[in-house]
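Per UniProt numbering, the sequence shown starts with residue 1, numbered consecutively.
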Amino acid sequence: MKEGLITKNITTSLCDAPIRDESGSLKAINILMAILSIIPGTTRYAYKIITPGQSLDPDDLSLMVSSYVGLACAIVIDRGAIPSGLGRDIWTLDFSSITNFGKYFYIMEIVYFVELTFLKLSLLFFYKKIFPYAGVQKLLWGTIAFNIMFGVAFTTASIFQCQPIRYYWTKWDGEQKSGKCLNFNALAWANAAISIAVDFWMLAIPLSQIVHLKMAARKKIAVTSMFLVGTFVTVVSILRLQSLVAFANSTNPTWDQWDVTRWSVIEINVGITCACMPTLRVLLARCLPKMFGPTADSSNRYPQQHVPRKGTGGESSPHVEFIDIIIDAESDLKSGERVAVARNKQPEDDEIELVKVGDK
């Protein structure tokens, strides 16, 4: 293998073959995506910490793990993988760089599964807060359990994909005969396929609740649009599939795997940014109430006694601040239950809750 790389390097040099190098563009994408996710993420956590009556809930903590593990991965890519040859042809690199690249990419694979698992958990815990119905809660708990098992399984498989583990970054030269590895190409495809299926399932859960509500089409579209923002992440996940074609079986991994890295970075960081949008909207509503605040008459639009809400002491509180998207208190589910959109916790909170209202 080493002799072949030396020969390939000499041949391409003598033939004046173009030198391919995407390390610069990958570096720019990596830094940009990290900034676009860490700023709204940190803003969300800071808002929850410093605002009276607020606290970091399971969805915040899950997203925090995903975002800061992602930041660590961005540093590994920028300071480790790219300097070791990611984005360049393998025959243009020295042998020690190829080995180092394998070490860094091994870390990146494991971190990707961790990020993805906690990102999905964040969304699921968010849904649990805004859909209190018993049936939906059971579906969400089941999905949370599946997502945890799914994440643990693929993370474990990624860690122990080669025996011994170091064989992952030493096998490239063909001189190591004592190791063996799983078919990581199949593992990557299985993860991507299951992840996309779970994304569609997670989208179906909130949409299944909205479709049963009797409300004006304009309001239904507005509510639906809040959840459809997350479909952009699913689109990126689908686009990432094409980059997996030559993922694990490549003879030129430093070049072929830069595309996988690019789409993985975009997928995770766009997901984190989308998950922060509700909190950012509340923050903007407080800073620019005329542009992003609730409508002027929304707080008096419906009888307050129709919307139970938990106060800080755990008791029902009559005060409700409605947001732009309002489901009428007179709307009802197919089962005949009436619902309203109410704030969880404080009026400034970023979550909404579909609250069942019994007939009077």
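Note that CB positions come from ideal geometry on N, CA and C, so glycine has one too.
Buried/exposed call for Arg44, threshold 16 Cβ in 10 Å: If you number the sequence shown from 1, residue 44 lands on position 44. Arg44 comes out buried.
Option nearest Ala275 by Cα separation, candidates Thr12, Ile31 and Leu36: On the sequence shown, residue 275 is found 275 positions in, with the first residue counted as 1. Nearest C-alpha to Ala275: Leu36.
Stretch pair the region 114 to 125 + the region 55 to 67: three plus CB contacts closer than 8 Å: yes
Neighbour-count burial assignment, Ala204, 16 or more Cβ in a 10 Å radius: By 1-based counting over the sequence shown, the position of residue 204 is 204. Result: exposed.
Simplified DSSP state of residue 366, which is helix, strand or coil: No information on residue 366 is available, as it lies outside the stretch 1 to 360 that the chain covers here.
Closest by C-alpha distance to Ala192, when choosing among Phe95, Tyr112, Met108 and Leu56: Start at 1 with the first residue of the sequence shown, and residue 192 comes out as number 192. The option with the nearest alpha carbon to Ala192 is Tyr112.
Among Phe95, Gly41, Phe101 and Gly151, nearest to Thr261 - alpha-carbon criterion: Working through the sequence shown from its first residue, we reach residue 261 at position 261. Out of Phe95, Gly41, Phe101 and Gly151, Phe101 has the C-alpha closest to the C-alpha of Thr261.
Assigned secondary structure, Lys180 (DSSP; H/G/I helix, E/B strand, else coil): As a working mapping, residue 180 is identified with position 180 in the sequence shown. Note: Lys180 maps to strand in three-state DSSP.
Contacts around Leu182, its chain only, beta-carbon distance under 6 Å, and the 5 residues preceding and following it disregarded: The count along the sequence shown starts at 1 and reaches residue 182 at position 182. Hits under 6 Å: Gln161.
Assumed close pair Leu239, Trp263 - CB separation to whole angstroms, cut-off 8 Å: Taking the sequence shown and counting its residues from 1, the one referred to as residue 239 is at position 239. Taking the sequence shown and counting its residues from 1, the one referred to as residue 263 is at position 263. Indeed, because the Cβ distance is near 6 Å, the residues count as touching under 8 Å.
Nearest neighbour of Lys129, chosen from Ser195, Thr92, Thr231 and Pro58 [CA to CA]: Numbered from 1 along the sequence shown, position 129 holds the residue referred to as residue 129. For Lys129, the nearest C-alpha among the options comes from Pro58.
Burial state of Ser208 (16 or more Cβ within 10 Å): Here residue 208 refers to the residue found at position 208 of the sequence shown. Ser208 comes out exposed.
Contact check, Leu86 vs Gln257, beta carbons under 8 Å: The count along the sequence shown starts at 1 and reaches residue 86 at position 86. The count along the sequence shown starts at 1 and reaches residue 257 at position 257. A contact, by the Cβ cut-off of 8 Å.
Residue 382 - DSSP class collapsed to helix/strand/coil: Residue numbering for the chain in the displayed model covers 1 to 360; residue 382 lies beyond these limits and cannot be assessed.
Straight-line Cα distance separating Thr11 from Ala17: As a first step, residue 17 is located in the sequence shown; it is residue number 17 there, counting from the start. As a first step, residue 11 is located in the sequence shown; it is residue number 11 there, counting from the start. Near 8 Å, if we compare the C-alpha coordinates of Thr11 and Ala17.
Contacts around Trp169, its chain only, beta-carbon distance under 7 Å, and the 5 residues preceding and following it disregarded: For the purposes of this step, residue 169 is taken as the residue at position 169 of the sequence shown. Thr99, Gly102, Lys103 and Tyr106, listed in sequence order.
Bridge partners - Asp199, DSSP secondary structure assignment: Stepping through the sequence shown from its first residue, residue 199 is reached at position 199. Per DSSP, none; premise fails for Asp199.
Those residues which DSSP pairs with Gln163 across a bridge: Here residue 163 refers to the residue found at position 163 of the sequence shown. Per DSSP, Lys180.
Distance cut-off 7 Å: Asp59 Cβ against heavy atoms of the ligand NAP: This structure lacks the ligand NAP; in fact it carries no ligand of any kind.
Euclidean distance between Cα positions of Lys1 and Leu284: Along the sequence shown, read from residue 1 onward, the residue named residue 1 stands at position 1. Along the sequence shown, read from residue 1 onward, the residue named residue 284 stands at position 284. One point to set straight first is that residue 1 is Met, not Lys, in the sequence displayed. Spanning the two alpha carbons is a distance of roughly 57 Å.
Sheet register partners of Asp21 (DSSP bridge): Translated into positions along the sequence shown, residue 21 becomes position 21. Answer is Arg88, bridged to Asp21.
Secondary structure of Met108, DSSP reduced to three states: The sequence position of residue 108 within the sequence shown is 108, counting from 1. DSSP places Met108 in helix when its eight states are reduced to three.
Residue of Gln54, Val282, Thr42 and Ile266 minimising C-alpha distance to Leu32: The residue labelled residue 32 in the question sits at position 32 within the sequence shown. Of the listed residues, the one whose Cα sits closest to Leu32 is Ile266.
Proximity to Arg20 [Cα-Cα], best of Thr254, Cys287, Leu280 and Pro278: Here residue 20 is taken as the residue at index 20 of the sequence shown, counted from 1. If we check each option's Cα against that of Arg20, Thr254 comes out closest.
Contacts around Gln163, its chain only, beta-carbon distance under 8 Å, and the 5 residues preceding and following it disregarded: Here residue 163 is taken as the residue at index 163 of the sequence shown, counted from 1. Excluding sequence neighbours, Gln163 sits near Gly179, Lys180 and Cys181.
Cβ separation of Pro206 and Phe125, assumed to be a contact under 8 Å, to the nearest whole Å: Translated into the one-based positions of the sequence shown, residue 206 becomes position 206. Translated into the one-based positions of the sequence shown, residue 125 becomes position 125. Actually they do not touch by this definition, with Cβ atoms about 13 Å apart.
CB contact flag (Ile210, Thr224, <8 Å): Taking the sequence shown and counting its residues from 1, one reaches residue 210 at position 210. Taking the sequence shown and counting its residues from 1, one reaches residue 224 at position 224. Yes. Within cutoff.
Residue burial classification, Met149 (beta-carbon count within 10 angstroms, cutoff 16): Locating residue 149 in the sequence shown gives position 149, where the first residue counts as 1. Per the 10 Å Cβ criterion, exposed.
Rounded separation between Thr156 and Leu187 - CA only: On the sequence shown, residue 156 is found 156 positions in, with the first residue counted as 1. On the sequence shown, residue 187 is found 187 positions in, with the first residue counted as 1. Looking at the two C-alpha atoms, the distance is approximately 12 Å.
Cβ pair Asp199, Ser237 closer than 8 Å: As a position in the sequence shown, residue 199 is number 199, starting the count at 1. As a position in the sequence shown, residue 237 is number 237, starting the count at 1. Yes. Within cutoff.
Coarse secondary structure for Tyr47, derived from DSSP in three states: Here residue 47 is taken as the residue at index 47 of the sequence shown, counted from 1. In the structure shown, Tyr47 sits in a helix (DSSP, three-state: H, G or I).
Cβ-based burial, Ser195 [other Cβ within 10 Å; buried from 16]: Translated into the one-based positions of the sequence shown, residue 195 becomes position 195. When all chains shown are included, Ser195 counts as buried.
7 Å CB neighbourhood of Lys8 in its chain, flanking five on each side removed: The count along the sequence shown starts at 1 and reaches residue 8 at position 8. Once the five neighbours on either side are set aside, the close Cβ partners of Lys8 are Trp91.
Alpha carbon of Val282 to alpha carbon of Phe227, nearest angstrom: Taking the first residue of the sequence shown as position 1, residue 282 is located at position 282. Taking the first residue of the sequence shown as position 1, residue 227 is located at position 227. C-alpha separation (whole angstroms): 16 Å.
Limits of the alpha helix (DSSP H) - the one that Leu283 falls within: For this step, residue 283 is matched to residue 283 along the sequence shown. That run of the alpha helix (DSSP H) goes Met277 to Cys287.
Proximity winner among Lys27, Val69 and Ala153, relative to Asp78 (alpha-carbon distances): For the purposes of this step, residue 78 is taken as the residue at position 78 of the sequence shown. Here the closest residue by C-alpha is Lys27.
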